[in-house]
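*Asks:* Just so you know, we're using UniProt numbering here: the sequence shown kicks off at 1 and counts up by one.
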Amino acid sequence: MLTVKGQHGHYDSVKLFVFGDSYVDTGNLGKFSPSWKEPYGLSFPGKPSGQFSDGRILTDYIASYFGIKSPVPFERRNITRKSGLEYGMNFAYGGTGVFKTLVDQPNMTIQIDHFQEILDKNVYTKQDLNKSVALVSVAGNDYTTFIATNGSLQYMPDFTKKLVKQLAMDLKRIKGLGVENVLVTAVEPLGCYPALTAKNSYQKCIEVFNSAAQFHNLQLKDAVNKLNTDTNIHNSTASSFIFLNVYGSFMSALNKKHFKGKLEVKNPLEPCCVGLDDKYSCGSVDDKGVKKYSDLQTFTKSIISQLVLNLKSITWDLGVQKIVEPMGCLPRLAAFSSYKNCSDSWNSACMFHNQILQQELQNLNHASDNSVFLTLDIYCAFLSALKRQAN
Numbered sequence: 001m002l003t004v005k006g007q008h009g010h011y012d013s014v015k016l017f018v019f020g021d022s023y024v025d026t027g028n029l030g031k032f033s034p035s036w037k038e039p040y041g042l043s044f045p046g047k048p049s050g051q052f053s054d055g056r057i058l059t060d061y062i063a064s065y066f067g068i069k070s071p072v073p074f075e076r077r078n079i080t081r082k083s084g085l086e087y088g089m090n091f092a093y094g095g096t097g098v099f100k101t102l103v104d105q106p107n108m109t110i111q112i113d114h115f116q117e118i119l120d121k122n123v124y125t126k127q128d129l130n131k132s133v134a135l136v137s138v139a140g141n142d143y144t145t146f147i148a149t150n151g152s153l154q155y156m157p158d159f160t161k162k163l164v165k166q167l168a169m170d171l172k173r174i175k176g177l178g179v180e181n182v183l184v185t186a187v188e189p190l191g192c193y194p195a196l197t198a199k200n201s202y203q204k205c206i207e208v209f210n211s212a213a214q215f216h217n218l219q220l221k222d223a224v225n226k227l228n229t230d231t232n233i234h235n236s237t238a239s240s241f242i243f244l245n246v247y248g249s250f251m252s253a254l255n256k257k258h259f260k261g262k263l264e265v266k267n268p269l270e271p272c273c274v275g276l277d278d279k280y281s282c283g284s285v286d287d288k289g290v291k292k293y294s295d296l297q298t299f300t301k302s303i304i305s306q307l308v309l310n311l312k313s314i315t316w317d318l319g320v321q322k323i324v325e326p327m328g329c330l331p332r333l334a335a336f337s338s339y340k341n342c343s344d345s346w347n348s349a350c351m352f353h354n355q356i357l358q359q360e361l362q363n364l365n366h367a368s369d370n371s372v373f374l375t376l377d378i379y380c381a382f383l384s385a386l387k388r389q390a391n
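(1) Taking its Cβ as the centre, do 16 or more other Cβ atoms sit within 10 Å of Pro-45, making it buried, or is it exposed?
(2) Looking at Asp-25: is its Cβ nearer than 8 Å to the Cβ of Ala-92?
(3) Could you tell me the alpha carbon to alpha carbon distance between Tyr-61 and Phe-19, rounded to whole angstroms?
(4) Going straight from the alpha carbon of Ile-147 to that of Asn-28, what length do you get?
(5) Less than 8 Å between the beta carbons of Val-98 and Asp-142, yes or no?
(6) I'd like the list of long-range same chain contacts for Gly-55, defined as Cβ closer than 7 Å, with 5 residues on each side in sequence excluded.
(7) With a threshold of 8 Å on Cβ separation, who are the neighbours of Cys-282 within its own chain once the five nearest residues in sequence on each side are excluded?
(8) Give the straight-line distance between the Cα atoms of Val-182 and Ser-201, rounded to the nearest whole angstrom.
(9) Can you list, in chain order, the residues of its chain with a C-beta nearer than 7 Å to that of Asn-245? Leave out the 5 residues immediately preceding and following it.
(10) For the alpha helix (DSSP H) that contains Gly-67, what are its first and last residues?
(11) Tell me whether the stretch 155-165 and the stretch 224-231 touch, counting them as touching only if at least three CB pairs, one residue from each stretch, are closer than 8 Å.
(12) Does the distance from the CB of Cys-329 to the CB of Phe-382 come in under 8 Å?
(13) Answer with buried or exposed for Phe-32, where buried requires no fewer than 16 other C-beta atoms within 10 angstroms of its C-beta.
(14) Spatial neighbours of Asn-107 within its chain, please: C-beta separation below 8 Å, excluding the five flanking residues on both sides.
(15) Within the stretch 156-213, note down every full alpha helix (DSSP H) run reaching 4 residues or more, in order along the chain.
(16) Around the C-beta of His-366, are 16 or more other C-beta atoms found within 10 angstroms, so that it is buried, or is it exposed?
(17) Between the beta-carbon of Leu-269 and the beta-carbon of Val-133, is there less than 8 Å?
(18) My guess is that Tyr-87 and Ile-68 are in contact by the Cβ rule of under 8 Å, so how many angstroms apart are they, rounded?
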């Protein structure tokens with residue numbers, strides 16, 4: 001862990017300064033953004049918090065690695081106590097890039113301007129920056145904008161060289177402002193974006209876009225190596241600029257290389273949350289607040305709601321409803337692990353279904369004087385039988 005000795009007027013912990021897009025933005029976009037609406041943030045921190053994820057994002061993991069809290073978003077700096085600035089600041093905005101993108105928010109140059117303004121106000125001193133780290137995650141939106149405004153892959157290599165050249169200048173500028181170490185991420189496998197793989201029913205990535213991403217990463221890695229050997233930047237023999245190969249991490253997860261035969265996701269290319277049509281995205285709602293997206297929890301709750309309506313229409317004095325079985329253990333899904341393991345993701349979905357079902361039946365029993373609704377827990381019965389057979 002990087003630490004500095006505590007001195008009067010200085011923060012003691014590692015400072016993390018973040019620049020980039022939605023992969024690292026922890027809440028700089030305004031409340032109008034879908035990132036402040038469900039289903040974002042339901043797994044972590046338990047409610048929407050401005051992050052474009054159901055759970056943690058790269059910033060959270062990098063901060064955890066250094067043993068610190070995720071740094072405060074730049075837009076919240078004026079409503080945060082001074083102690084809340086101890087771990088650095090996040091200047092990233094979802095949808096942005098090195099250059100201007102389709103999203104009208106601060107690009108990389110302006111984000112660094114914000115950082116410089118903070119330093120000019122002595123929010124952080126040179127001593128504070130002695131063991132600081134910058135995390136830079138950007139470029140995917142630049143390519144999205146390039147395709148949308150130019151539409152030709154023919155000129156993409158030239159655009160990549162221009163993009164990486166500007167990004168290298170940005171990294172050099174961050175270092176020049178006093179940051180000790182600068183981490184920059186590779187661009188993710190662009191050809192695996194759901195918006196692209198939807199055209200083949202999420203069956204495979206689009207290779208031409210993945211090749212473009214690989215070319216970008218080769219150019220960026222070469223630029224990082226040159227920055228580390230530039231004696232005008234630093235005299236230390238240690239590398240101050242570090243290339244993070246998130247492209248390889250993405251592909252490893254998509255290819256299930258680290259799952260050790262244990263299936264986590266039925267189809268990793270298929271989005272877990274998607275708009276009902278091309279006009280909507282995950283988190284979209286209409287003017288009346290009606291959800292215009294589909295996710296697993298919404299789907300499950302809709303099933304339970306219909307089930308409750310059916311039960312209410314029954315006039316018998318006794319209603320019996322079975323709990324759904326562990327679907328992750330069905331042969332069709334277990335086949336992906338050569339029948340060695342159940343699918344945890346599918347079983348988790350079943351447990352969520354069963355939990356909601358039990359809650360609704362309890363509500364029905366409380367609301368009814370005469371009827372009694374029971375559940376048959378065949379989920380546990382199935383698992384118990386499977387465990388006995390395994391032993």
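Using N, Cα and C, we set each Cβ at its ideal position, and we do this for glycine too.
*Replies:* In terms of the structure at hand:
(1) exposed
(2) If you check the CB distance, Asp-25 and Ala-92 come in under 8 Å.
(3) Distance between the alpha carbons of Tyr-61 and Phe-19 is about 15 Å.
(4) C-alpha separation (whole angstroms): 26 Å.
(5) yes
(6) Ser-43, Phe-44
(7) Around Cys-282: Pro-34, Pro-39, Tyr-40, Pro-271, Cys-273, Val-274, Gly-275, Tyr-293, Asp-295.
(8) Approximately 38 Å between the Cα atoms of the pair.
(9) Ala-186
(10) Element bounds for Gly-67: n/a, residue is neither H nor E.
(11) no
(12) yes
(13) exposed
(14) Thr-96, Gly-97, Val-98, Phe-99, Lys-100, Thr-101
(15) The qualifying runs are 156-176, 194-197.
(16) exposed
(17) no
(18) 4 Å
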